[in-house]
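**Q** Sharing a structure with you now.
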Amino acid sequence: MRDSKSNRIGLLAVSRHEYFTLIICTIISLSFLFANDNPRVYGLRAAIVDVWAGVLQQISGFRSGEELQQELARTRMRASELLLENSRLQQARVENEFLRSMLEFKRETGYTLLTASVIGRDEDQLVRSITIDVGTRDGVRKDLPVIVPEGIVGRVARAGQSSAVVQLLIDHNFHVACKIRESRVDGILAYEGGDYNLLTQVIQKAPV
């Protein structure tokens, strides 16, 4: 067993020595070949150069493939960054349009507006309400209307120091006094279910 292992080690050492000798001899032969100015060796020299150029081209191709992978990874990262930036710009555009419409509403009505964000939502089917992030210290008080550019969405049901509960227009117990813009007729707006609200307590012969 030991002799067999020794033989394998010896053969491996001899094999490596032979390969090393072959490489050295090849390099020396090529050196003499390229140093020879004899016209007869020009063709052989050209063939060797072509072969070596092909090898270098393959190596360059492998390197280019790796560079392409790196470039692809950088491109994907840049695409993700651009998508995120685009999302931020769209959000900023929506916010700007909202603020612009609120300013226009303020100019038309003369009301003082206070912006707020929704920080909570009541999922109870009997009471439809949301919580906003402004309260009495910001000037909020009970029964103030809560609006968006499209119109009223509810009224302040309870006001705390830094937050308030808003009863939504889609709550069955919601009622609010309102006035028709064109005819200036007064009435009470109430939720009827689904996508419908009803203006009640309007004078019977009033032009609506």
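All letters in the sequence shown, in the order written, are residues 1495 to 1702 by the numbering used here. For glycine and all other residues, C-beta sits at the position ideal for the given N, C-alpha and C. As the structure is a prediction and not an experimental result, all values here were calculated from the model.
Smallest Cα separation from Ala1651: which of Arg1570, Gly1629 and Lys1600?
**A** Indexing the sequence shown from 1 puts residue 1651 at position 157. The candidate whose alpha carbon is nearest that of Ala1651 is Gly1629.
**Q** According to DSSP, what are the bridge partners of Thr1625?
**A** Residue mapping note: residue 1625 aligns to position 131 of the sequence shown, counting from 1. Thr1625 is bridged to Gly1614 and Val1659.
**Q** With DSSP as the reference, label Asp1680 as helix, strand or coil.
**A** On the sequence shown, position 186 is the one that residue 1680 refers to. Three-state DSSP puts Asp1680 in a strand.
**Q** Check whether the region 1663 to 1673 and the region 1641 to 1650 are in contact - that is, three or more C-beta pairs closer than 8 Å.
**A** Yes: at least three Cβ pairs fall under 8 Å.
**Q** What is the residue span of the beta strand (DSSP E) that Leu1692 lies within?
**A** Taking the first residue of the sequence shown as position 1, residue 1692 is located at position 198. Run containing Leu1692: Tyr1690 to Thr1694, per the beta strand (DSSP E) assignment.
**Q** Nearest CA to the CA of Ala1610: which residue from Thr1569, Leu1566 and Asp1632?
**A** To locate residue 1610, count along the sequence shown from 1; it is residue 116. Checking every option, the nearest Cα to that of Ala1610 belongs to Asp1632.
**Q** Could you check whether Ile1613 and Asp1627 sit closer than 8 Å to each other, using their CB atoms as the reference points?
**A** If you number the sequence shown from 1, residue 1627 lands on position 133. If you number the sequence shown from 1, residue 1613 lands on position 119. The answer is yes: Cβ separation under 8 Å.
**Q** When the Cα of Ala1671 is compared with those of Leu1693, Ala1658, Asp1689 and Tyr1605, which residue comes out closest?
**A** Position 177 of the sequence shown holds residue 1671. Comparing Cα-Cα distances from Ala1671 to each of Leu1693, Ala1658, Asp1689 and Tyr1605, the minimum goes to Leu1693.
**Q** Have a look at Leu1577 and Leu1562 and give me their C-alpha separation to the nearest angstrom.
**A** By one-based count along the sequence shown, residue 1577 stands at place 83. By one-based count along the sequence shown, residue 1562 stands at place 68. Each residue's alpha carbon lies about 22 Å from the other.
**Q** Measure the Cβ-Cβ separation of Arg1635 and Ile1624 and say whether it is below 8 Å.
**A** Within the sequence shown, the letter at position 141 stands for residue 1635. Within the sequence shown, the letter at position 130 stands for residue 1624. Going by C-beta atoms, Arg1635 is not nearer than 8 Å to Ile1624.
**Q** Would you kindly work out how many angstroms separate the C-alpha atoms of Phe1592 and Gln1564, rounded to a whole number?
**A** Indexing the sequence shown from 1 puts residue 1592 at position 98. Indexing the sequence shown from 1 puts residue 1564 at position 70. Roughly 42 Å separates the two Cα atoms.
**Q** Is Ile1503 buried or exposed, if buried means 16 or more other CB atoms sit within 10 Å of its CB?
**A** Residue numbering aside, residue 1503 sits at position 9 when the sequence shown is read from its first letter. The predicted position of Ile1503 is uncertain, since its pLDDT is 45 and thus under 50; a value taken from the coordinates is nonetheless stated next. So Ile1503 ends up on the exposed side.
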